[in-house]
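Chemist: Each residue of the sequence shown is one higher than the one before, counting from 179 in the working numbering.
Built from N, CA and C at the ideal position, the CB exists for glycine as well.
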Amino acid sequence: MPGPALALLGTGLSATACGADGTDDYQGDCSRHKPLHVVGYPSLGSSETVQRTVWRPADRAPEGLADLAVTGGTAADTTARNWVDAFGEAAGGEVTAGFYDEGSTRQVVALYFSGGRKKEVEVRVGEDDTWGVTLDETDPAEAARAPG
179 MPGPALALLG
189 TGLSATACGA
199 DGTDDYQGDC
209 SRHKPLHVVG
219 YPSLGSSETV
229 QRTVWRPADR
239 APEGLADLAV
249 TGGTAADTTA
259 RNWVDAFGEA
269 AGGEVTAGFY
279 DEGSTRQVVA
289 LYFSGGRKKE
299 VEVRVGEDDT
309 WGVTLDETDP
319 AEAARAPG
């Protein structure tokens, strides 16, 4: 008998990256946001980090996004504000994340927002052995620029 994942694929439905990890915050986030559609092979850490990287701009929460930074500081705070300004509205809609590279410690992820907007992000394991996002685009034009 096929497993649940195989049965799901057989129905033509797509899997999303919103699952239970045992925390109320994560469960609340999942219930308040549209599911993130996933293409590729994320790790558990990269998937959760990318979800939160999309959710914080959708919530208009630059502080929450800056908290996800691999390296904190002024650059992370400024970049978080830039990303919220540039992608906040689009992040509240349908988003597909394309995970590239092998994801044990680092992944490049292309975010495809409804309406045609695109953003490339890097998520990786930081010095504290937790996943975070690279936030180093302090110029608003650079932060809003589509990958080339």
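Do the CB positions of Gly271 and Ser292 come within less than 9 angstroms of each other?
Modeler: Yes. Within cutoff.
Chemist: Helix, strand or coil for Arg210, going by three-state DSSP, please let me know.
Modeler: Three-state DSSP puts Arg210 in a helix.
Chemist: For Pro325, count the other beta carbons within 10 Å of its own beta carbon; 16 or more makes it buried, fewer makes it exposed. Which is it?
Modeler: Answer is exposed; the Cβ neighbour count stays below 16.
Chemist: By DSSP, does Thr252 sit in helix, in strand, or in coil?
Modeler: Three-state DSSP puts Thr252 in a helix.
Chemist: Residue range of the alpha helix (DSSP H) that Ala236 falls in?
Modeler: Leu222 to Ala236 is the extent of the alpha helix (DSSP H) around Ala236.
Chemist: When the Cα atoms are used, what is the spatial distance from Asp207 to Leu222?
Modeler: Cα to Cα, the separation comes out at about 16 angstroms.
Chemist: For Gly294, does the count of other Cβ atoms within 10 angstroms reach 16, so buried, or fall short, so exposed?
Modeler: When all chains shown are included, Gly294 counts as exposed.
Chemist: For Ala288, I'd like the list of residues in its chain whose CB is within less than 6 angstroms of its CB, leaving aside the five on either flank, ordered along the chain.
Modeler: Cβ neighbours of Ala288 beyond the five flanking positions: Gly276 and Glu298.
Chemist: Are the Cβ atoms of Ala264 and Ala244 separated by less than 9 angstroms?
Modeler: No; because the gap between Cβ atoms is not below 9 angstroms, this pair is not in contact.
Chemist: Can you tell which of His211, Ser282 and Arg302 has its C-alpha closest to the C-alpha of Pro235?
Modeler: Closest option to Pro235, Cα to Cα, is His211.
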